[in-house]
Amino acid sequence: PVSFPPPRRMPPLKYSDALDELAELEMYRKGLCNYHHVGLGIHVPGNRKSTSVLGQLHARGATCSAFSGIQRRAITSQMLPTHCVAMLDQFDEHVFCGQFSETGNKFVCACMADCIRVYDTTSKSKVSKSHRSSRQRTRARRTPSTDTTEDEEGNTVLPRDIAQCGWQLESLILPQAVGWAVVDFCLSPNSDYMAYTSWSSAISMVKLDGTQPYSIELHQYGTNLICLFSVKFSRQGTELVGGASDNHIYIADLESGQASRIRAHNDDVNSVCFAEDDGHVIVSGSDDNLIKIWDRRTLRSHSLPATSGSRSLRSGNLISQTCEAVGVLQGHTFGVTHVTSRGDSRLILSNSKDQSAKLWDLRMMRDEVMTFQQVQEHRQRHRIFDYRWDTLDTLQHEADPNDTSLRTFRGHRVLQTLIRAYFTPQSMGAAHVVVGSFDGTVRFYDIMSGKTARVLQGHKSTVRDVSMHPQDGLLATSSWDGKILLWNYADVI
15 PVSFPPPRRM PPLKYSDALD ELAELEMYRK GLCNYHHVGL GIHVPGNRKS TSVLGQLHAR
75 GATCSAFSGI QRRAITSQML PTHCVAMLDQ FDEHVFCGQF SETGNKFVCA CMADCIRVYD
135 TTSKSKVSKS HRSSRQRTRA RRTPSTDTTE DEEGNTVLPR DIAQCGWQLE SLILPQAVGW
195 AVVDFCLSPN SDYMAYTSWS SAISMVKLDG TQPYSIELHQ YGTNLICLFS VKFSRQGTEL
255 VGGASDNHIY IADLESGQAS RIRAHNDDVN SVCFAEDDGH VIVSGSDDNL IKIWDRRTLR
315 SHSLPATSGS RSLRSGNLIS QTCEAVGVLQ GHTFGVTHVT SRGDSRLILS NSKDQSAKLW
375 DLRMMRDEVM TFQQVQEHRQ RHRIFDYRWD TLDTLQHEAD PNDTSLRTFR GHRVLQTLIR
435 AYFTPQSMGA AHVVVGSFDG TVRFYDIMSG KTARVLQGHK STVRDVSMHP QDGLLATSSW
495 DGKILLWNYA DVI
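Residue 345 in the numbering used here sits at position 331 of the sequence shown, with consecutive numbering throughout.
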């Protein structure tokens with residue numbers, strides 16, 4: 015038998031210690047407020063002007079030195095998108111997902127009961143002849159871009175259409191084995207393959223040019239439909255992890271074609287992510303209100319034979335694995351819709367049907383939490399809130415006494431669908447949280463203060479997904495009004 019190293023237990027951490035370490039994330043921004051160079055005796059006072067981009071450029075010129083990497087991230091962290099600069103496209107269907115690739119050279123979107131579209135963000139050429147007919151069909155569904163948007167200061171902005179955006183539609187992918195809608199997709203680290211999920215018994219994969227489609231079966235009978243609400247590639251691109259409607263986490267090995275599953279929660283698993291690049295630690299969020307942390311090195315497995323009804327295009331058995339979560343993050347009072355990692359093996363962000371997003375430190379996870387029966391009793395005492403149909407008047411905001419989150423962000427609305435929340439990219443210091451909302455707005459929160467840093471208005475319906483370009487600070491918002499809008503920073507002098 016293979017022996018595995020014991021799971022890495024993170025050291026216990028007090029709440030105050032976690033906040034002190036969180037403050038270190040702001041150190042570079044505070045340092046820029048009082049720029050001082052001893053050799054030249056130049057001092058830029060710590061006022062508002064000193065934190066502006068022009069103030070930093072003046073300080074750099076006075077000291078005759080280049081910006082350091084920390085200073086560059088500090089400046090770009092202040093350059094949050096302010097204006098809608100383009101409308102990428104408009105469709106008759108709800109836009110469920112829209113994400114940039116890891117390098118930012120591709121943008122992929124998926125609509126309800128429609129094709130998956132892949133755009134080349136580096137191309138400024140016209141649409142190729144092979145896609146001209148598909149573009150004409152898309153234009154026939156698009157209404158003229160006459161809607162105006164307003165930023166938080168009331169400035170009117172007129173979106174431009176895709177011809178002005180200049181992104182080339184590279185491929186149209188017709189999803190296979192899809193029920194109702196493509197609810198999530200994920201691009202491989204090298205942006206070569208894409209995995210997508212729906213109400214189906216398989217994870218579907220395809221190259222971004224639409225070739226080589228195949229699937230990996232997830233259910234031992236191959237006939238029972240489940241929905242993977244979330245799917246993520248490992249950093250190595252060799253595995254996929256997904257959270258499903260049958261309360262399980264599924265892990266698919268792309269090299270062997272085998273799939274394994276973990277009984278993870280007492281309700282739907284709405285979101286999963288890897289906490290670290292090595293792929294050992296998995297974070298899951300569920301409708302049972304809990305966020306759980308799993309260490310794959312503690313898994314124990316036994317095989318479940320595949321039957322003749324399996325539709326997998328690769329042979330292999332479904333492997334059922336059992337293990338205990340190494341820790342739990344408790345604090346949300348209703349289901350968790352999305353979880354994501356900051357990429358530092360420490361901070362986790364979650365969004366929830368309790369109308370809040372929360373910032374967590376993985377080292378503050380607990381072993382003992384409220385049981386599912388206690389959660390059910392809590393829901394019975396306080397009228398059950400169904401975020402798909404009920405209004406906010408029926409929701410009572412009640413803090414969880416066992417809440418160990420570092421920050422709670424409120425202001426956006428999580429209704430109708432599993433709305434996502436993300437950290438801003440590392441190029442911007444990952445100092446803010448960006449999240450869509452039921453009311454059509456997009457909000458940025460400062461992770462240090464917990465306050466709203468910016469509100470973008472432009473959509474007429476739920477903004478389900480948001481994505482920021484990893485380098486350029488460009489924001490793409492995907493909404494149920496059928497529009498994909500692009501936002502960028504515009505400095506007002």
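Beta carbons are placed, not taken as given, at the ideal position from N, Cα and C, and that holds for glycine.
Quick one, which of N119, G224, Y459 and M126 has its alpha-carbon nearest G496's? M126
Take F105 and list the residues in its own chain whose beta-carbon comes closer than 7 Å to its own, dropping the five residues that flank it on each side. C125, D128, R155 and G496
Please state whether DSSP places L429 in a helix, a strand or coil. coil
Nearest to R131 by CA position, among L102, S270, L183 and H262, is which residue? L183
Might you give, ordered along the chain, the residues of its own chain that have their beta carbon closer than 8 Å to the beta carbon of F247, omitting 5 neighbours on each side? C200, L201, S202, P203, A209, E253 and L254
Look at the alpha carbon of C302 and the alpha carbon of D453, and state the distance between them as a whole number of angstroms. The sequence given here has Asp at residue 302, not Cys. Near 25 Å, if we compare the C-alpha coordinates of D453 and D302.
Tell whether a beta-carbon distance below 8 Å holds between S274 and I333. yes
In this structure, does DSSP put Q190 in helix, strand or coil? coil
Roughly how many angstroms lie between the CA atoms of I265 and G256, to the nearest whole one? 7 Å
Are D226 and G293 closer than 8 Å when you measure CB to CB? Just to set this straight, residue 226 is Gln in the shown sequence, not Asp. No. Outside cutoff.
Have a look at L361 and L188 and give me their C-alpha separation to the nearest angstrom. 36 Å
State the beta-bridge partners of Q113 as determined by DSSP. V122
Which class does C129 belong to by DSSP, given the choice of helix, strand or coil? coil
What's the C-alpha gap between L232 and S215? 6 Å
Pick from E290, H346 and L222: whose alpha carbon is nearest that of E412? H346
Identify whether T252 lies in helix, strand or coil by the three-state DSSP scheme. coil
Report buried or exposed for L488, applying the criterion of at least 16 other Cβ atoms within 10 angstroms of its Cβ. buried
Candidates D134, V196, R277 and K367: which alpha carbon is nearest F243's? V196
Determine the direct distance from the alpha carbon of L94 to that of A467, and round the result to whole angstroms. 9 Å
Y508 - containing beta strand (DSSP E), residue span: Absent from the model: residue 508. The displayed extent of the chain is 15 to 507, so no value can be given.
Please confirm whether G341 and S300 have their CB atoms less than 8 Å apart. no
Assumed close pair L499, A435 - CB separation to whole angstroms, cut-off 8 Å: Going by Cβ atoms, the distance from L499 to A435 rounds to 18 Å, so no, they are not a contact pair.
Output the distance between the C-alpha atoms of S366 and R377, rounded to the nearest integer angstrom. 21 Å
So, helix, strand or coil for L518, using DSSP? Residue 518 is absent from the structure shown; the chain starts at 15 and stops at 507.
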